[in-house]
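For the sequence shown, the numbering used here gives the first residue as 73, with consecutive numbering after it.
Heads up, the beta-carbon is just placed ideally off N, CA and C, and yes, glycines get one too.
Notes follow the structure.
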Amino acid sequence: MRKLQWKIITLFFASGALTLSILFIAQQIMRLIGREYWKEPWVDTLFRVERTLSSFFGFPVVPTIIGILLFICMVLLLSQGTIRQINQLMQGTQRLAKGELDQAIIVSSNDELGQMAVQINQMAQQLKLSLAEERMAVQSKNELISNVSHDLRTPLTSIIGYLRLVNEDHYKDEVELRYYTDIAYDKSLRLGGLVNDLFEYTRMGYSPINRVDINLVELLAQLAVDFSLTGQHEGVQVVFTPAVEKIMISSDGDKLMRTFENLLSNAVRHGREAGRVDLKVSQDPKFAIVQVINYGPPIPQHAIPHLFERFYRADESRTDQTGGSGLGLAIVKTIVDAHHGTIQVTSTTELTMFEVRLPLQAPEN
């Protein structure tokens with residue numbers, strides 16, 4: 073508050089100096105031109121009253137009153153800028169209270185009042201941003217509920233329909249009965265997978281990253297073995313190619329495992345036609361680089377920017393066998409972001425590659 077204090081002190085000092093100067097000038101003028109009026113009856117009466125009051129109170133009353141009034145006028149005159157700035161601050165806070173966040177307060181000084189104006193403007197912008205984020209959160213929640221309802225309803229409707237046929241004995245023989253129950257079972261698996269993905273995605277929003285030092289090459293090698301067995305059933309060969317034997321990073325092993333499981337599942341699912349999926353790992357001076365490559369049909373270019381959005385599907389016509397829950401890549405993006413990494417997608421007629429870059433050293437909090 074030093075600047076404002078000195079401003080107030082200077083204001084009163086200047087007002088006092090101006091008042092004394094004006095009184096001194098007025099006195100000199102009265103001495104020069106006032107003698108002609110001293111003989112007037114009203115002037116004589118005025119001086120008598122002034123002398124009487126001065127003798128009663130013990131000090132010159134009239135000059136004192138004139139001096140005080142003049143000093144007040146000088147203070148009001150010289151403080152117009154400060155008063156104007158205070159009024160602007162009051163109006164700004166009133167607009168802020170009403171929710172009018174677009175009109176900023178004009179900053180006309182660099183003292184405490186100016187700093188307060190800057191802080192109010194910053195608070196208004198922050199509040200505006202918070203309100204926008206809140207609206208986006210509400211919209212996102214509504215979209216999530218809508219998408220979940222739709223994706224849960226579709227397999228659930230099929231399950232109910234086929235089980236109704238079984239319950240009402242609308243089947244010809246044991247073979248058709250088995251066919252209906254198999255479909256209901258497959259739909260149940262899809263429903264369970266969607267619920268698990270949804271739970272995993274929502275958990276990622278508040279689950280902390282438990283960092284430990286892990287060998288990324290070993291983690292990916294284990295995944296490659298697991299998916300080699302899975303790929304055999306799909307007719308897909310998973311080939312793991314590490315550029316080095318050891319890459320140590322500080323990360324959450326369980327979450328990274330989920331990340332690359334999702335990417336490999338995607339690659340195996342969409343790489344059936346080519347029969348091969350490549351998993352490569354390397355490093356540069358700052359990052360570990362993991363590439364998951366399949367040689368199936370390309371992703372449409374218009375779909376690539378939206379791949380990591382919740383419930384987005386590049387091909388809306390995909391069947392239950394070719395399409396996932398629409399949450400897998402959103403989970404991947406959330407985990408990679410939490411590790412301060414990046415993920416990029418390249419898709420051509422020859423291959424589709426997801427490249428994940430993770431920092432070798434954990435960033436400081």
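Of all the alpha helix (DSSP H) runs that stay within the bounds of the stretch 183-269, which reach a length of 4 or more residues? 184-239
From the DSSP output, in three-state form, read off Ala360 for me. Locating residue 360 in the sequence shown gives position 288, counting from the first residue. Strand at Ala360.
Mapping DSSP to helix, strand and coil, what is Leu92? As a position in the sequence shown, residue 92 is number 20, starting the count at 1. Leu92 falls in the helix class under three-state DSSP.
Compare the C-alpha of Asp409 against each of Pro369, Pro280 and Ile255 and name the closest. For the purposes of this step, residue 409 is taken as residue 337 along the sequence shown, with counting starting at 1. Among Pro369, Pro280 and Ile255, the Cα nearest to that of Asp409 is on Pro280.
Which residue's Cα is closest to the Cα of Gln433: Arg283, Gln304 and Val311? Within the sequence shown, the letter at position 361 stands for residue 433. Per the Cα distances, Arg283.
Selection from Ala89, Ser260, Gln166 and Gln194 that minimises the alpha carbon distance to Leu150: Mapped onto the sequence shown, residue 150 falls at position 78. Of the listed residues, the one whose Cα sits closest to Leu150 is Ala89.
With a cut-off of 8 angstroms, do at least 3 Cβ pairs link the stretch 369-385 to the stretch 291-311? no
Give me the Cβ distance between Leu72 and Val364, rounded to the nearest whole Å; I'm assuming they're in contact under 8 angstroms. Absent from the structure is residue 72, since the part of the chain shown begins at 73 and ends at 437.
Secondary structure of Phe332, DSSP reduced to three states: Numbered from 1 along the sequence shown, position 260 holds the residue referred to as residue 332. It is helical.
Residue range of the beta strand (DSSP E) that includes Ile321: As a position in the sequence shown, residue 321 is number 249, starting the count at 1. Met320 to Ser323 is the span of the beta strand (DSSP E), which, as asked, contains Ile321.
Kindly indicate which three-state DSSP category Ile177 falls into: helix, strand or coil? Here residue 177 refers to the residue found at position 105 of the sequence shown. Correct three-state label for Ile177: coil.
Figure out for me which residue from Thr406, Met162, Leu288 and Gly265 has the closest Cα to the Cα of Ser337. As a position in the sequence shown, residue 337 is number 265, starting the count at 1. Answer by Cα proximity: Gly265.
Spell out the partners DSSP gives Thr313 in its beta bridges. Taking the first residue of the sequence shown as position 1, residue 313 is located at position 241. Thr313 pairs with Lys352.
Would you list the residues sitting across from Gln416 in a DSSP beta bridge? Residue numbering aside, residue 416 sits at position 344 when the sequence shown is read from its first letter. DSSP lists Glu427 as partners of Gln416.
Supposed contact pair Asp356 and Met320 - C-beta distance, whole angstroms, cut 8 angstroms: Counting from 1 along the sequence shown, the entry for residue 320 is found at position 248. Counting from 1 along the sequence shown, the entry for residue 356 is found at position 284. That belief does not hold up - the Cβ atoms of Met320 and Asp356 are roughly 15 angstroms apart, past 8 angstroms.
Coil, strand or helix - Asn366 by DSSP: Numbered from 1 along the sequence shown, position 294 holds the residue referred to as residue 366. Asn366: strand per DSSP, three-state reduction.
Ile286, DSSP secondary structure in three states: Counted from its first residue, the sequence shown places residue 286 at position 214. Of the three classes helix, strand and coil, the one that applies to Ile286 here is strand, per DSSP.
Host alpha helix (DSSP H) of Ala410 (start-end): In the sequence shown, counting from the first residue as 1, residue 410 sits at position 338. Note, Ala410: alpha helix (DSSP H), Gly400 to Ala410.
Grouping DSSP H, G and I as helix and E and B as strand, with all else coil, what is Ile510? Nothing about residue 510 can be read from this structure; the chain reaches only from 73 to 437.
Shortest alpha-carbon distance to Arg236 belongs to which of Ile415, Ala256, Leu168 and Ser218? Counted from its first residue, the sequence shown places residue 236 at position 164. The option with the nearest alpha carbon to Arg236 is Ala256.
Leaving out five residues on either side along the sequence, give the residues of the same chain with a beta carbon under 7 angstroms from the beta carbon of Arg167. Residue mapping note: residue 167 aligns to position 95 of the sequence shown, counting from 1. Excluding sequence neighbours, Arg167 sits near Gln175.
Express the C-alpha separation of Gln198 and Ile231 in angstroms, rounding to a whole number. Position 159 of the sequence shown, counted from the first residue, corresponds to residue 231. Position 126 of the sequence shown, counted from the first residue, corresponds to residue 198. Roughly 49 angstroms separates the two Cα atoms.
Would you call Gln416 buried or exposed, if buried means 16 or more other Cβ atoms sit within 10 Å of its Cβ? Taking the sequence shown and counting its residues from 1, the one referred to as residue 416 is at position 344. With fewer than 16 Cβ atoms within 10 Å of its Cβ, Gln416 is classed as exposed.
Does the distance from the C-beta atom of Thr424 to that of Gly368 stay below 8 angstroms? Residue mapping note: residue 424 aligns to position 352 of the sequence shown, counting from 1. Residue mapping note: residue 368 aligns to position 296 of the sequence shown, counting from 1. Going by C-beta atoms, Thr424 is nearer than 8 angstroms to Gly368.
By a C-beta neighbour count over all protein chains shown, 10 Å radius and 16 as the cutoff for buried, is Ile158 buried or exposed? Taking the first residue of the sequence shown as 1, we reach residue 158 at position 86. Exposed.
Three-state secondary structure (DSSP) at Pro135? Here residue 135 is taken as the residue at index 63 of the sequence shown, counted from 1. Note: Pro135 maps to helix in three-state DSSP.
For Leu379, does the three-state DSSP call read helix, strand or coil? The residue you call residue 379 lines up with position 307 of the sequence shown. Coil, per DSSP.
C-beta contact flag for Arg262 and Pro314 at 8 angstroms: Counted from its first residue, the sequence shown places residue 262 at position 190. Counted from its first residue, the sequence shown places residue 314 at position 242. Cβ atoms of Arg262 and Pro314: not closer than 8 angstroms.
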